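Take the position in the sequence shown, starting the count at 1, then add 1270; the result is the number in the working numbering. Ideal Cβ positions, reconstructed from N, Cα and C, are used throughout, including at glycine. Remember, it's a predicted structure, so these values are computed and weren't measured experimentally. Below is one structure, written out as structure tokens; comments come after it.
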Amino acid sequence: MSKVTQNYEQLALSMGMYTDGTVIYGVRGGYELSIYATDSRYPYLLTVSLSAKPQNGIPFSKEEKKQFAKNIAPVSALNQQGNLITMVMKNTANQEKLRENLEAGINGLLSLLQSKYYVPCCQLCGEQVQTTGYAVGNAYMHLCQNCGARMRQDATLAEQENVEKGENLIGGIVGAFFGSLIGVLCIIVFSQLNRVAVISGIIMAVCTIRGYEKLGGKLTKKGIVVCILMMLGMTYVGDRLDWAIMLVKEVGSEWDIDFATAFQIIPELLAEDIIDAGSYWANLVLLYLFTLGGAIPTMITTIKDMKNKNVIRQIGSAV
Ligand SMILES: [Zn+2]
């Protein structure tokens, strides 16, 4: 059992709630609650969610939400989206503090809801019943029985369609290419600002993968290989474009060369040692390190998210 799971179990136990290791759940004051980390990399940056609506039909004002987060110190934000109410807690790895924070936040939220006559209801259809928690992909929902059953059916159908859907390799390559162009643009922009940044790697990865999925229909192992090759190739292109821009800026008028020529003659300039080969390659290696540093974790989470997209599971049938 991982340390996080152990801590979640401790936390759930001390709060009289339950956990499956990724989400803590239970009923407080008649409201069914889910407590989870929206980003698994930050397991103690927790969000509390529930579904309820005001009997008078008037949602919280912006001011009320802001005031609430200000009054209850451990709360960083209160959000309301339709019937879904989410409360984002401040991050702390200290387990004792975490529990105190949650208790204070939940108690505050419940008294706010009660004072405004909020009643628990299904997040989708609004029926006033005790809801059941569902994990839908990476999101958490609070649903009535009917809506829960329908979501499950939809998810099964979507999954089937995805399995049956063919992969269009050419479309995928074109999509990945256009996606990676955005990454190239980022490399150039950051380089012109004299910086190499992990963020261009993240953008390169997200856009390349999304591009492949968009035009290729779905992402398979073949698609992942295409995306990686595309990213490696386009990072090189981005770097060379960047050098070409620099050449035109520095010596463009002196040598009477345009951008296309500058792009073409870079290998020649390297061979003749006009561009210092050492710093050229060192710069490229650095760029690759940064790009991969951003791209690899992004690819892993993106692929994981895609796999989870159509997965729906009921949280705590014991509730
Ligand atoms: Zn419903």
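- The DSSP-derived three-state label of TYR1506 is helix.
- For a cut-off of 8 Å, the C-beta gap from TYR1314 to ASN1353 is around 27 Å, too long to register as a contact.
- In the displayed model, GLU1302 falls within a strand according to three-state DSSP.
- Taking the Cβ of GLU1434 as the reference point, every heavy atom of ligand 1 lies at 6 Å or farther away.
- Beta-bridge partners of ASN1349 (DSSP): THR1356.
- For the 7 Å CB-CB criterion, VAL1496 and ILE1443 form a contact.
- Pairing LEU1540 with GLY1407, the inter-Cα distance amounts to about 50 Å.
- According to the DSSP assignment, LYS1488 belongs to no alpha helix (DSSP H), since it is labelled neither H nor E.
- THR1571 sits away from ALA1475, with the two beta carbons spaced by 7 Å or more.
- Taking the Cα positions, ALA1428 is about 37 Å away from GLY1375.
- If you look at SER1284, you'll find it in the alpha helix (DSSP H) that goes 1273–1284.
- For PRO1324, the enclosing beta strand (DSSP E) stretches over residues 1316–1324.
- The nearest non-hydrogen atom of ligand 1 is 6 Å or more from the C-beta of CYS1391.
- GLU1397 has its Cβ nearer than 6 Å to a heavy atom of ligand 1.
- Set against 6 Å, the gap from the CB of LEU1394 to the closest heavy atom of ligand 1 is smaller.
- Not a single heavy atom of ligand 1 lies less than 6 Å from the C-beta of CYS1477.
- CYS1414 has its CB nearer than 6 Å to a heavy atom of ligand 1.
- Proximity to MET1359 across GLY1508, SER1385, SER1346 and CYS1395 peaks at SER1346, based on C-alpha coordinates.
- Distance from the CA atom of ASN1438 to the CA atom of LEU1316, rounded to whole angstroms, is 39 Å.
- Here SER1450 is near MET1500, since their CB atoms are less than 7 Å apart.
- Of the other Cβ atoms in all chains shown, 16 or more fall within 10 Å of the Cβ of TRP1513; this residue is therefore buried.
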